[in-house]
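Numbering (the working numbering), first residue to last: 71 to 600.
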């Protein structure tokens with residue numbers, strides 16, 4: 071039989087089985103009356119069972135791959151060894167024969183992720199020594215991700231035993247970072263065994279020496295959430311020489327250096343002269359996310375080349391100085407060097423009811439006016455300071471903006487609040503805007519709302535705005551104002567799908583009611599014209 075004929079036969083088997091929606095029940099019905107079956111029925115039954123067996127065998131491989139893809143420990147594999155078993159309350163291993171590896175290897179090659187996040191049963195430490203000596207090749211040859219999240223001795227031993235040349239992702243949790251006796255030797259060992267590690271995650275509050283990070287030559291994504299580790303300019307300079315590094319997520323750490331365990335090999339601390347060049351500094355960096363003190367971040371950004379960054383996120387945790395403008399302005403100055411930035415998210419730390427000298431204001435963001443490629447700007451603070459003029463000047467610099475999210479509470483800037491005029495100004499300045507969350511800080515009456523729309527020229531046919539959320543800083547809008555504003559908004563933005571209130575206006579039922587009425591009227595108009 072030719073290969074083509076065999077392939078067609080297999081397809082016919084699959085088609086026959088999958089085409090019968092009640093195959094299983096049919097088989098059981100036939101088996102139940104097997105004694106009284108005539109010869110033709112028995113032949114049909116056997117053929118059906120044979121086809122089902124072929125189908126089951128076809129699914130066995132994918133099913134086993136899924137079952138063994140992610141393991142919580144090495145124990146399931148160990149138990150496949152005939153020489154491995156429970157002695158008292160502890161697992162041990164006796165003499166291992168060459169043939170003992172056959173079954174283990176059949177399943178070990180299917181493991182892709184080892185996530186060591188819980189405490190397992192007691193395993194003798196000698197098990198790992200004997201298994202390591204008995205193997206000349208990696209136990210998990212296809213392992214791609216090693217995630218070590220719990221500081222259990224068994225997990226640490228599993229990590230050493232499972233590390234192989236194809237590991238691409240390393241992740242360490244809070245409890246692992248505290249165990250420097252394990253962490254540093256293991257990472258240096260991992261660097262020797264795998265040259266394809268492209269993702270590294272480290273989280274915790276323990277102080278550690280980070281000089282080894284610059285040795286990950288294939289690193290693409292780096293996540294460091296170490297709240298008490300001081301990040302030096304030298305550290306960022308070293309990161310800049312990692313040619314493939316495209317995604318950085320960091321906590322800027324402690325403002326002052328503290329003692330940390332260092333590697334014993336002294337020459338490991340420096341950079342070779344061939345890598346001191348600043349020619350390709352952060353040339354692949356596309357995404358940068360930073361959390362922590364804004365004063366510290368503003369200084370560290372001086373050592374990060376942001377020219378090619380497309381996504382940037384700042385989350386301030388605390389501001390001990392009480393004066394934020396200079397630090398934020400310095401951050402924005404560094405960010406303004408980007409020529410490709412498309413997404414910017416800002417989360418400022420603010421104490422309750424405290425905004426004087428601390429609340430982020432639109433005028434502080436003036437350096438960002440050079441970011442002409444910006445498509446998303448999200449300011450997720452408790453409050454925001456701006457006037458109509460400030461916000462219009464800023465937003466008009468972003469002609470490609472599609473999403474603008476501002477806080478629910480708006481404070482005055484230079485004695486002036488944002489009003490409904492800002493809604494029109496933003497729509498005119500950003501012709502591609504699709505989502506807008508805007509705060510109104512100035513109290514107004516229906517006449518003010520009507521005037522804002524009558525006195526401004528806006529081409530409703532070319533405004534793709536689909537989602538509009540309005541909040542007010544002075545309390546809930548009166549129902550007449552909500553109804554009038556909603557009517558004018560739906561009339562102006564013909565593609566608008568969602569109009570809702572936020573903050574004190576979130577529970578006002580007038581927003582959806584006006585939308586339903588307006589859509590009903592539009593439907594009747596279309597029907598009449600048709």
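Built from N, CA and C at the ideal position, the CB exists for glycine as well.
Practice prompt. With a 10 Å radius around its C-beta and 16 neighbouring C-beta atoms as the bar for buried, classify residue 221 as buried or exposed.
Written response: Classification for residue 221: buried.
Discussion item. Can you confirm whether the region 158-173 touches the region 237-250 when touching is taken to mean that 3 or more C-beta pairs between the two stretches lie within less than 8 Å?
Written reply: No, because fewer than three Cβ pairs between the region 237-250 and the region 158-173 fall closer than 8 Å, the two stretches do not touch.
Worksheet item: Residues in its own chain within less than 6 Å of residue 537 by CB, not counting five upstream and five downstream?
Response: 505, 568, listed in sequence order.
Worksheet item: Which one or two residues does DSSP pair with residue 360 in a beta bridge?
Response: Answer is 320, 384, bridged to residue 360.
Worksheet entry | Cβ neighbour criterion (16 or more within 10 Å) applied to residue 127 | In this structure residue 127 is exposed. Its beta-carbon is surrounded by fewer than 16 other beta-carbon atoms within 10 angstroms.
Worksheet item: Quick one, which of 144, 451, 468 has its alpha-carbon nearest residue 441's?
Response: Nearest of 144, 451, 468 to residue 441, Cα basis: 468.
Item to complete: Go ahead and label residue 565 buried or exposed: buried means 16 or more other beta carbons lie within 10 angstroms of its beta carbon, across all protein chains shown.
Response: So residue 565 ends up on the exposed side.
Discussion item. With H, G and I counted as helix, E and B as strand and the rest as coil, what does DSSP make of residue 584?
Written reply: Helix at residue 584.
Practice prompt. Please determine if the region 208-217 and the region 244-255 are in contact, where contact requires at least 3 C-beta pairs separated by less than 8 Å.
Written response: Cβ pair count under 8 Å is below three, so no.
Discussion item. Looking only at its chain, what residues have a beta carbon closer than 7 Å to the beta carbon of residue 232, apart from the 5 residues adjacent to it on each side?
Written reply: Here the set comprises 144, 184, 209, 210, 213, 216.
Practice prompt. Specify the secondary structure class of residue 430 as computed by DSSP and reduced to three states.
Written response: Coil.
Worksheet item: Helix, strand or coil: how does DSSP classify residue 68 here?
Response: One cannot answer for residue 68 here, as it falls past the ends of the chain, which runs 71 to 600.
Worksheet item: What does a CB cutoff of less than 7 Å around residue 152 pick up in its chain, not counting 5 residues either side in sequence?
Response: Taken in chain order, the residues that qualify are 170.
Discussion item. Looking only at its chain, what residues have a beta carbon closer than 6 Å to the beta carbon of residue 156, apart from the 5 residues adjacent to it on each side?
Written reply: None.
Discussion item. On the DSSP letters alone, give me the boundaries of the beta strand (DSSP E) that residue 163 sits inside.
Written reply: The continuous beta strand (DSSP E) containing residue 163 extends over residues 160-163.
Practice prompt. Answer yes or no: do residue 362 and residue 321 have a C-beta to C-beta separation smaller than 8 Å?
Written response: In this structure, residue 321 lies closer than 8 Å to residue 362 by Cβ.
Discussion item. Would residue 561 and residue 539 qualify as a contact pair, given that the criterion is a beta-carbon distance under 8 Å?
Written reply: For residue 561 and residue 539, no; Cβs fall outside 8 Å.
Discussion item. At the level of alpha carbons, what is the spacing between residue 315 and residue 491?
Written reply: Cα to Cα, the separation comes out at about 44 Å.
Worksheet item: Any idea if residue 308 is buried or exposed, counting beta-carbon neighbours within 10 angstroms, 16 or more meaning buried?
Response: Residue environment analysis places residue 308 among the buried positions, since at least 16 neighbouring C-beta atoms fall within 10 angstroms of its C-beta.
Worksheet item: Span of the beta strand (DSSP E) holding residue 481?
Response: Unbroken beta strand (DSSP E) run through residue 481: 479-481.
Worksheet entry | Beta-carbon proximity check, residue 284 vs residue 265, cutoff 8 Å | Not in contact: residue 284 and residue 265 (Cβ atoms no closer than 8 Å).
Practice prompt. Rounded to whole angstroms, what's the CA-CA distance from residue 253 to residue 317? Just pull it up for me.
Written response: Their backbone Cα atoms lie some 23 Å apart in a straight line.
Practice prompt. Would you mind reading off the limits of the alpha helix (DSSP H) that contains residue 216?
Written response: It is not in any alpha helix (DSSP H) - residue 216 instead sits in the beta strand (DSSP E) that spans 215-218.
Practice prompt. Taking only the alpha-carbon atoms, compute the straight-line gap between residue 424 and residue 444 and give it to the nearest angstrom.
Written response: Any reading at residue 424 must be qualified, since the residue scores a pLDDT of 48, below 50, and its modelled position is unreliable; the value itself is stated next. Computed Cα separation, rounded: 30 Å.
Practice prompt. Check each candidate in 375, 380, 354, 388 and name the one with the smallest Cα separation from residue 366.
Written response: Considering only 375, 380, 354, 388, the residue with the shortest C-alpha distance to residue 366 is 388.
Worksheet entry | Start and end residues, alpha helix (DSSP H) containing residue 579 | Run containing residue 579: none; DSSP gives neither H nor E here.
Discussion item. Quick check on DSSP: helix, strand or coil for residue 627?
Written reply: Since the first residue shown for the chain is 71 and the last is 600, residue 627 is missing from the structure and cannot be characterised.
Worksheet item: Grouping DSSP H, G and I as helix and E and B as strand, with all else coil, what is residue 91?
Response: Because residue 91 sits at a pLDDT of 47, beneath the cut-off of 50, its placement in the model cannot be relied upon, and the following sentence gives the value as read from the coordinates. In the structure shown, residue 91 sits in coil (DSSP, three-state: anything other than H, G, I, E or B).
Worksheet item: Count the other CB atoms within 10 Å of the CB of residue 478; is the residue buried (16 or more) or exposed (fewer)?
Response: By the neighbour-count rule (16 or more Cβ atoms within 10 Å), residue 478 is buried.
Worksheet item: Should residue 597 be labelled buried (16 or more other beta-carbon atoms within 10 Å of its own) or exposed?
Response: Within a 10 Å sphere around the beta-carbon of residue 597 sit fewer than 16 other beta-carbons, which makes this residue exposed.
Discussion item. Between 380, 438, 432, 274, which has its C-alpha nearest residue 413's C-alpha?
Written reply: Of the candidates 380, 438, 432, 274, the one whose C-alpha sits nearest the C-alpha of residue 413 is 380.
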